[in-house]
Structure formats: C-alpha cells, structure tokens
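For the sequence shown, my numbering assigns the number 90 to the last residue and increments by one with no breaks.
Where a beta carbon is used, it is the ideal one built from N, C-alpha and C, also for glycine.
Please read all numbers here as calculations on a predicted model, not as lab measurements.
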Amino acid sequence: MLSTAVSIAFLLVGAAFVMALLRLLYGPDQPDRILALDTLYVNTVALLVLLGIHLGSALYFEAALLIAMMGFVGTVALCKYLLRGDIIE
C-alpha cells in the first residue's frame, strides 16, 4: 500500500516540478520567476523526502533539510535584490 502511494506521489510531485520549471522559463515577470524557483525548491524537498521513504534512508531527509534552508535564503536574497537593487546594505 505504501509503495503504491509513494509511486503516485512521485508522479504528482514530478508533474508539479515540470509545471514550476515551465513557469520559471516562461514566467511573465521577475516575481513570478522567483516564486517558481521557490516552488522548485519545495518540490525538490518533497522528492527527496519521498525518496527517503521509498529507500528507507534517513540521509535523504537531512539533504532535504539543507536544500530547504538554502532555498529560503536564496528566495529572500532574490526578493531583497528585486525590491532594493542591492543584497548587502
């Protein structure tokens, strides 16, 4: 049962990943592209968690946590650059 649920989740998160990638490439504005990049980070975290569940390894959960932290910092830096034009004050 868990194997079927994880397989379906892989397909759905993979589809969300592809849609976010298309939004990143063809987004109309810069804020849309930043949000698409943030969504790609979230989808990557979800894929790593699913892979960790599927393989039964805790290493993937730690990698997902690191990617989530780096994604947050990157999103904040891009938003600050978009608003002010400078990252470091």
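Would you tell me roughly how many angstroms separate the C-alpha atoms of residue i and residue j, rounded to the nearest one?
{"i": "Met-70", "j": "Met-2", "result": "32 angstroms"}
{"i": "Thr-5", "j": "Tyr-27", "result": "33 angstroms"}
{"i": "Pro-29", "j": "Val-74", "result": "23 angstroms"}
{"i": "Phe-18", "j": "Thr-45", "result": "8 angstroms"}
{"i": "Leu-84", "j": "Gln-31", "result": "11 angstroms"}
{"i": "Met-20", "j": "Gly-86", "result": "28 angstroms"}
{"i": "Glu-63", "j": "Leu-56", "result": "14 angstroms"}
{"i": "Gly-95", "j": "Leu-41", "result": "Past the boundaries of the shown model lies residue 95; the chain is included only from 2 to 90, so the question cannot be answered."}
What did DSSP end up calling residue i once you bin it into helix, strand or coil?
{"i": "Ile-89", "result": "coil"}
{"i": "Ser-58", "result": "coil"}
{"i": "Gly-72", "result": "helix"}
Item checked: the region 9 to 19 touching the region 47 to 58, judged by at least three CB pairs closer than 8 angstroms -> yes
Note to self: Across the region 23 to 42 and the region 73 to 80, are there enough close Cβ pairs to call them in contact, namely three or more that are closer than 8 angstroms?
What the structure shows: yes
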